[in-house]
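Following the working numbering, the numbering of the sequence shown begins with 16 at its first residue and continues without gaps. One structure is given here, and the rest of the page talks about it.
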Amino acid sequence: MIIDEFITAPAAVVGGGVAGLATALALEGCVVIANEPIGGGASKLAQGGIAAALGAGDSPARHAEDTLRVGAGLTDPQVAALVTGAAAGRIEWLRALGVAFDRGADGLPLLGREAGHSLHRIVHAGGDRTGAAVMAAMRQAVLARPDLRVLEGFTLIDLITAGGRVAGILLGRPDGTRVAVLAPQVVLATGGIGGIFDRTTTPSTSRGAGLAAAARHGVRLADLEFVQFHPTALAIEADPLPLLTEALRGAGAVLIDAGGDRFMTALHPDGELAPRDVVARGVHAITARGGEVFLDATGIRDLAARFPGACALARAAGLEPTRQPLPVTAAVHFHMGGIATDSHGATSLPGLWACGEVAATGLHGGNRLASNSLLEGLVFGQRAAQAIIAADARPPRGALAIPRGLPVLAADPARIAALRRQVGASLGPLRAAAPMQAALQQLEAWQPEARDESDLLLVAREVLGAALGRRESRGAHQREDYPAAAEPALRSCRSPEPAPLALLQPLQSRVA
Ligand SMILES: Cc1cc2nc3c(=O)[nH]c(=O)nc-3n(C[C@H](O)[C@H](O)[C@H](O)COP(=O)(O)OP(=O)(O)OC[C@H]3O[C@@H](n4cnc5c(N)ncnc54)[C@H](O)[C@@H]3O)c2cc1C
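Pasting the structure below:
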């Protein structure tokens, strides 16, 4: 393989979402890489806001209790305590960066409430455009720092290792050029895996590239089977599907079937405000039979002023939310599992760190409490950076190696679409062994032609393996064939078989 350029840096951060930029801003010099302009990813799409115990009568301990309850027995109490305890400080930090959080007439932060939270504690900016406001401020801050080098439009191909630890990353560009960033510390902040499913609210950058790169090196992964579905994605021909925020239901919007009847009231005492996975299964039960579900927000006063983002999304699809119920479907929204880390984001491969949605820190357990993920990225980004600053910065010794790979970056979109349909059909909100085993067999026989295709296959196989292995129903992982929860509640861990390595020879480079 020809390497067109070698760059050396004290650290490399892959990902320009909330987790990657929080890490970069807390480091003293690094390269920040993203396959699109930084400040994007799922982070930019976040609508609800950031959970922080700022209200009267609230406390980090209460926020942690809610996180533990929703996590279905698998959330690590210490991680919940450290993340909720750091929330107020991280909101203050964002304010100092210039994020104008919404305030009431009394000047205090306006706090929203979402399912699973026992109190109002979601701070937001620009109504339902929190992610865009936060990411604009973080992007500006990164671009203003001369010690942060930004590489936009570069795709992660693989991790480079030397002597059993990480030594850098190999990147590709659409024109076929290859760049090796040699760095003793590498942070993966590449986001979630929604893009391996056919129906998702996450952007196309959420295809599990970081998770796949870690898996190829045999890095420990955890909780992979836990995938959260959002019950109210707008059911239109789009990819990703636009999300209709849960806050709409909090403000009084109701779910109805094609006959105009509310069905959630019969399924859960909290009706439309039942936990997100319960509502998602309620919606899925109807759409899986070929029926239709609608979110009726016409009864919300000042809908357009309170939910400008949701109204704009609906209107862009030719729907008028103030006058008509909106067609909705359940769609993949968040991955609780990922690369297993300690409480500073360190992974099982020395020098490799993970934070944000690609990581499994133990915060989300079997189900994520709404609006805890931007917070997790903000907190773990900073913690990983602090640990990296204190870590050994000497360049690793030994020959540089990368897993043997495919020369082409992107596969035929039709092949990717076929794979995504298969993954979506077998790993839905309600699972069973037979379809998962059939899908696994087909994916094992599938020969990838490009890097993105092999990443998708690898991640899908790992998630299917984990989902088949968990023979119980817990949190977001619900099985028709094992409807009860098993005791004790245990997190799942997998260490994939490492891929064969090839040496990265300096002679192969144009620039040494
Ligand atoms: C529609 C929507 C609404 C949401 N609302 C909320 C909310 O209100 N509150 C909340 O807490 N959470 C919310 N979430 C979840 C939350 O947005 C995400 O979990 C979080 O933003 C993930 O941040 P991240 O930095 O880990 O990843 P991302 O923000 O997804 O960033 C990933 C970065 O990695 C880069 N990348 C990916 N693959 C590659 C590759 N191969 N090569 C190079 N770069 C790569 C991308 O370009 C991007 O810069 C929402 C999610 C969605 C989809």
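Glycine included, C-beta positions come from ideal geometry on N, C-alpha and C. Note that the coordinates shown come from a computational prediction; the quantities given were computed from them, not determined experimentally.
Closest Cα partner of residue 508 within the set 238, 104, 58, 167 = Its Cα nearest to that of residue 508, the residue 238 stands out among 238, 104, 58, 167.
request  = Check whether the Cβ atoms of residue 340 and residue 250 lie closer than 8 angstroms to each other.
outcome  = Result no, Cβ atoms of residue 340 and residue 250 do not sit closer than 8 angstroms.
request  = If I'm right that residue 169 touches residue 138 with Cβ under 8 angstroms, what's the distance once you round it to whole angstroms?
outcome  = That pair is no contact at about 33 angstroms.
request  = Over the uninterrupted beta strand (DSSP E) stretch that includes residue 367, give me the two end residues.
outcome  = Residue 367 -> beta strand (DSSP E) spans 367-369.
Every unbroken beta strand (DSSP E) inside the stretch 351-438 [3 residues or more] = The qualifying runs are 353-355, 367-369, 416-418.
key: Rounded C-alpha distance that separates residue 121 from residue 158   = So the two alpha carbons sit approximately 34 angstroms from each other.
ask   = Closest by CA to residue 367, which one among 63, 40, 204, 164?
value = Of the listed residues, the one whose Cα sits closest to residue 367 is 204.
key: Straight-line gap, residue 318 to residue 359 (C-alpha atoms, nearest Å)   = Those two C-alpha atoms are separated by around 41 angstroms.
request  = Could you tell me if residue 24 is buried or exposed, where buried requires 16 or more neighbouring beta carbons within 10 angstroms of its beta carbon?
outcome  = Answer is buried; the Cβ neighbour count reaches 16.
key: Inter-residue Cα distance where the pair is residue 152 and residue 17   = Just so you know, the alpha carbons of residue 152 and residue 17 end up roughly 37 angstroms apart.
Spatial neighbours of residue 117 in its chain, beta-carbon cut-off 8 angstroms, leaving aside the 5 residues before and after = Excluding positions up to five away in sequence, the list reads 124, 125, 138, 139, 140, 141, 142.
ask   = Closest by CA to residue 436, which one among 490, 261, 213, 70?
value = In this structure, 213 is the residue among 490, 261, 213, 70 with its C-alpha nearest to the C-alpha of residue 436.
request  = Give the straight-line distance between the Cα atoms of residue 553 and residue 109, rounded to the nearest whole angstrom.
outcome  = A query on residue 553 cannot be resolved here, the shown segment of the chain reaching from 16 to 527 and no further.
request  = Could you give the DSSP three-state label for residue 152: helix, strand or coil?
outcome  = Note: residue 152 maps to helix in three-state DSSP.
query = What is the DSSP secondary structure of residue 48, reduced to helix, strand or coil?
reply = In the three-state reduction of the DSSP assignment, residue 48 falls in the strand class, which pools E and B.
query = Roughly how many angstroms lie between the CA atoms of residue 260 and residue 60, to the nearest whole one?
reply = Distance from the CA atom of residue 260 to the CA atom of residue 60, rounded to whole angstroms, is 11 angstroms.
message = Can you tell me whether residue 309 sits near ligand 1, meaning its C-beta is under 7 angstroms from at least one heavy atom of the ligand?
response = Answer for residue 309: no, Cβ out of range of ligand 1.
ask   = Under 8 angstroms, do residue 431 and residue 468 count as touching if we go by C-beta distance?
value = It is a contact, given that the beta carbons lie within the stated cut-off.
ask   = Cβ of residue 50 versus every heavy atom of ligand 1: is any distance shorter than 7 angstroms?
value = For ligand 1, a non-hydrogen atom lies closer than 7 angstroms to the CB of residue 50.
key: Closest residue to residue 112 among 156, 354, 364 (Cα-Cα distance)   = Selected option, being the one with the closest Cα: 156.
key: Residues bridged to residue 496 [DSSP beta-bridge criterion]   = According to DSSP, which records beta bridges pairwise, residue 496 is partnered with nothing at all.
Beta-carbon separation (whole angstroms), residue 353 vs residue 37, contact threshold 8 angstroms = For residue 353 against residue 37, the beta-carbon gap comes to about 16 angstroms, at or over 8 angstroms, which does not count as contact.
message = Are the CB atoms of residue 470 and residue 227 within a distance shorter than 8 angstroms?
response = Between residue 227 and residue 470, the C-beta gap is smaller than 8 angstroms, which places the two residues in contact.
ask   = Are residue 411 and residue 182 touching if we call contact CB-CB under 8 angstroms?
value = Against a cut-off of 8 angstroms, the Cβ pair of residue 182 and residue 411 comes out as a contact.
ask   = Within this structure, are the beta carbons of residue 275 and residue 57 separated by less than 8 angstroms?
value = No, Cβ-Cβ distance for residue 275 and residue 57 is not below 8 angstroms.
message = Buried or exposed, going by whether 16 or more other CB atoms sit within 10 Å of the CB of residue 81?
response = Looking at its Cβ environment, which holds 16 or more other Cβ atoms inside 10 Å, residue 81 is buried.
ask   = Which class does residue 485 belong to by DSSP, given the choice of helix, strand or coil?
value = In the structure shown, residue 485 sits in coil (DSSP, three-state: anything other than H, G, I, E or B).
task = Have a look at residue 186 and residue 89 and give me their C-alpha separation to the nearest angstrom.
result = Straight across, the Cα-Cα distance linking residue 186 with residue 89 is about 35 angstroms.
ask   = Which stretch, first to last residue, makes up the beta strand (DSSP E) that contains residue 211?
value = Looking at the DSSP string, residue 211 is not in any beta strand (DSSP E), and its letter there is neither H nor E.
task = Can you have a look at residue 443 and say buried or exposed, based on whether 16 or more other CB atoms are within 10 angstroms of its CB?
result = Under this definition residue 443 is a buried residue.
query = Cα separation between residue 114 and residue 407?
reply = Separation of residue 114 and residue 407 (C-alpha to C-alpha, rounded to the nearest whole angstrom) is 34 angstroms.
request  = Quick one: residues in its chain with C-beta nearer than 7 angstroms to the C-beta of residue 370, no 5 flanking neighbours on either side, listed in chain order?
outcome  = Closer than 7 angstroms at Cβ, skipping near neighbours: 34, 38, 202, 204, 360, 392, 395, 396, 399.
ask   = What is the DSSP secondary structure of residue 187, reduced to helix, strand or coil?
value = Reduced to three states, the DSSP call for residue 187 is strand.
ask   = Any idea what DSSP makes of residue 258, helix, strand or coil?
value = It is a strand residue.
query = ligand 1 heavy atoms versus the CB of residue 468: any closer than 7 angstroms?
reply = No, the beta carbon of residue 468 sits no closer than 7 angstroms to any heavy atom of ligand 1.
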